[in-house]
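Numbering (the working numbering), first residue to last: 174 to 250. Quick reminder that beta carbons are idealized off the backbone N, C-alpha and C, glycines included. All figures in this text were calculated on a predicted structure; none of them were measured in a lab. Contents: one structure, followed by commentary.
In C-alpha cells:
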C-alpha cells in the first residue's frame with residue numbers, strides 16, 4: 174500500500190528496505206536514500222524515497238510499541 178500511495182507499485186522493495194532499516198541501525202537511512210538516488214532512474218527517485226520514508230516511519234512506530242511489551246518470559250529457551 175505504501176508503494177502504491179507513493180505512485181510507484183514497484184517501490185515495494187524500497188518500502189521493505191525502509192521497514193527493515195528501522196530494526197537494523199547498522200546502516201543509516203540517509204546512506205540508503207543516497208544509494209537509491211544514485212542507482213534509480215531520476216524519474217523514480219521521489220516515489221521510491223516516499224515509500225521508503227513512509228515504511229521507515231511506520232516501522233519505527235511499531236518498534237517503539239514493541240518496547241513497551243514484555244516478551245522476555247515468552248521467548249526464553
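Beta-carbon gap between residue i and residue j smaller than 7 Å
{"i": "residue 195", "j": "residue 236", "result": "yes"}
{"i": "residue 184", "j": "residue 232", "result": "no"}
{"i": "residue 229", "j": "residue 202", "result": "yes"}
Cβ-based neighbour list, residue i, same chain, cut-off 7 Å, excluding 5 preceding and 5 following
{"i": "residue 193", "result": "none"}
{"i": "residue 190", "result": "205 and 225"}
{"i": "residue 216", "result": "none"}
{"i": "residue 218", "result": "209 and 210"}
{"i": "residue 197", "result": "none"}
8 Å CB neighbourhood of residue i in its chain, flanking five on each side removed
{"i": "residue 200", "result": "194"}
{"i": "residue 248", "result": "The predicted position of residue 248 is uncertain, since its pLDDT is 48 and thus under 50; a value taken from the coordinates is nonetheless stated next. There are no such residues."}
Buried versus exposed, by CB contacts within 10 Å (16 or more), residue i
{"i": "residue 234", "result": "exposed"}
Subject >> Completely contained alpha helix (DSSP H) runs for the segment 195-222, where each covers 4 or more residues >> reply: 202-212
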